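Residue numbers are given in UniProt numbering: position 429 of the sequence shown equals residue 429, and the series is strictly consecutive. Right, one structure below, let's go through it.
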Amino acid sequence: MEIVRSHRQLAAAAAGGGGAGGLPTYRAAPQLEVRLEEFELFAIDRLRVLKGIWDGLSRGKRPEEMEKLVVWYTGYGLGLLVSELWKAHMRHQDPAETLNKDIISHFVLRLVYCRTEELRKWFLSMETTLFRYRFRLESPESQRMLMSEFQLPYKALPHSEFEAVKDKLSQVARSIGQSANVESVFFKVPFEEVPDLVAGRRVFLSKGYAYVAMSQVVSLVVTQFRCNISKALVLTNRKWTTTIKEQEKDRLTPIVEALSNAYFGPDYAQPKDAVEISLQDIDKLAASSFPLCMRHMLDKLRENHHLKHGGRVQFGLFLKGAGLKLEDALAFWRAEFSQKVGSERFDKEYAYNVRYNYGKEGKRTDYTPYSCQKIISATPGVGDHHGCPYRHFGEENLRAALNKMGINGRALEDIMDKAKNRHYQLACTMTFEATHGVSCDTGINHPNQYFSESQKVLRAKNQTTQGQAAA
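Quick look at the structure:
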């Protein structure tokens, strides 16, 4: 895809990646021209859709449940049906450009998510899930056209063979709650090509073949779609590594590398509602309202009277966002570090970095606290204590840390399971729910969000207790 600073009307946008009924198959990148600004904005809009789907799936919802699932889309404060995420984010002010936006955004994110096996796996799963929803919305005619476009070698079951298995098909239809009036169009396919239908006992199996109804052909198409995208991601990674990354190091590469860690919520550069915390309150607040990553760094700071640079930045910016003023921050870090390196050395080597975080030194930028995505993507070394515990702790250490927070039993096992399956933010969300006794429908996307939401819950509980006492 050629990226330039001017934009032209593209009459043949669908020719390279479009599909039947306006549903692209993304088989090849079309030769589109797009402004650098749109390159990033289109990708962000699509990423909002994919992350909305991921939020629902990571909470244990099956794909077929997702169209009815209401998720809280962080940053907008609106409960959106997943089926409406596309309409909310992927429309274009010029309807004629909507398909272009669809195709461009997919190929930009393919570039973003081709770079590691973990990124490829996530993107492949989310794009496949999205394609499944959109395929279901297509008319039967468009669905058949897509089957043809994917060159699926399946023909409708002949009438004579249909009659021979009609009763069996009726039994399967009734068992899955469908009408006993079996549809007239079925396809006979090798059972291994529709594993989801086989696993859900939604097809009749005979002699290694599955009998798939027209209403179920989405499984056939999605399998082929997934295979195509998986191969394309590997090829894109090769091209990125050997050519694009270096050629575009001053223009596209910074955008591409930043998008995989994109965060769309508040930046928490300034504490919400003019909240301030004092030095005397830090330990009490840590016990009640700090997320596990920040509790861990505070514990290590108290224990060793030192944190390496990564920990100082991550924890220092969190405290800033929570409401710790610069003067108190300097006093806080000086009190700990001076026990190991002395006050004079602290003032010479470390005070500058504290002031830097607050925008008082260097470029004088008002630096923002790190989001969960950025923390998760960190690579702590030996002796480092920053990063995300749900990702970077071993199982034994994570279990012990959660036990220390008072979490045990079924809640503990559920959190451990989510961490094991790489749903790190969901594990943190479940930790919040277990320690606060409330549901967190928004999900945790930022350590300072965790702190802010915790304080809201605790204030509400205190007001309720005071009201009951007064009564």
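Heads up, the beta-carbon is just placed ideally off N, CA and C, and yes, glycines get one too. Source: prediction; values computed, not measured.
By DSSP, does residue i sit in helix, in strand, or in coil?
i      : result
PRO24  : coil
GLU138 : coil
GLU33  : strand
ALA156 : strand
HIS385 : coil
TYR450 : helix
PHE42  : helix
HIS423 : coil
TYR76  : With a pLDDT of 34 at TYR76, under the threshold of 50, the modelled position of this residue cannot be trusted, and the question is left open.
GLN270 : coil
VAL49  : helix
LYS68  : For LYS68, the predicted model reports a pLDDT of 46, less than 50, meaning its position is unreliable; a value from the coordinates is still stated below. DSSP places LYS68 in helix when its eight states are reduced to three.
GLN143 : helix
VAL165 : helix
GLN466 : helix
LYS284 : helix
TYR370 : coil
ARG411 : For the record, residue 411 in the displayed sequence is Ala; it is not Arg. ALA411 falls in the helix class under three-state DSSP.
ALA460 : helix
ALA434 : helix
ASP417 : helix
PRO95  : helix
LEU307 : coil
CYS428 : helix
PHE150 : coil
SER170 : helix
SER377 : coil
ASP55  : helix
VAL275 : coil
THR116 : coil
Look at the alpha carbon of residue i and the alpha carbon of residue j, and state the distance between them as a whole number of angstroms.
i      : j      : result
SER206 : LYS188 : 10 angstroms
LEU402 : LYS418 : 13 angstroms
TYR26  : ILE103 : 7 angstroms
GLN31  : GLU193 : 33 angstroms
VAL212 : PRO158 : 13 angstroms
ARG459 : MET430 : 20 angstroms
GLN93  : ARG136 : 25 angstroms
VAL222 : TYR154 : 15 angstroms
PHE332 : GLN247 : 45 angstroms
GLY323 : ARG110 : 39 angstroms
LEU36  : GLU327 : 42 angstroms
ARG251 : ASN445 : 28 angstroms
CYS114 : LYS121 : 9 angstroms
PHE191 : TYR450 : 46 angstroms
THR253 : ASN237 : 13 angstroms
SER452 : PRO266 : 12 angstroms
VAL256 : GLN171 : 51 angstroms
CYS372 : SER142 : 41 angstroms
LEU99  : MET297 : 47 angstroms
PRO24  : GLU163 : 36 angstroms
ALA199 : ILE176 : 13 angstroms
LEU279 : GLU118 : 40 angstroms
LYS456 : ARG345 : 39 angstroms
Quick check on the burial criterion: 16 or more other C-beta atoms within 10 angstroms. Buried or exposed for residue i?
i      : result
GLU138 : buried
LYS320 : buried
SER454 : buried
GLN216 : buried
SER148 : exposed
TYR268 : buried
THR465 : exposed
LEU235 : exposed
ARG201 : exposed
SER343 : exposed
HIS309 : exposed
ASN421 : exposed
GLN314 : buried
PRO95  : exposed
GLN425 : buried
Determine the extent of the alpha helix (DSSP H) in which residue i is found, giving its start and end residues.
i      : result
GLU395 : 395-404
MET90  : Run containing MET90: none; DSSP gives neither H nor E here.
TYR263 : From DSSP, TYR263 is part of no alpha helix (DSSP H); its letter is neither H nor E.
ASN304 : 292-304
ILE103 : 98-113
The ligand SAH heavy atoms versus the CB of residue i: any closer than 6 angstroms?
i     : result
LEU36 : Of ligands this structure carries none, so the ligand SAH is not represented either.
Start-end ranges of the beta strand (DSSP E) lying completely within the stretch 179-260, minimum 3 residues: 186-190, 204-206 and 209-213
Which ranges does the alpha helix (DSSP H) cover as unbroken runs of at least 4 residues, wholly within the stretch 317-367, from first to last along the chain? 326-341, 343-349 and 351-357
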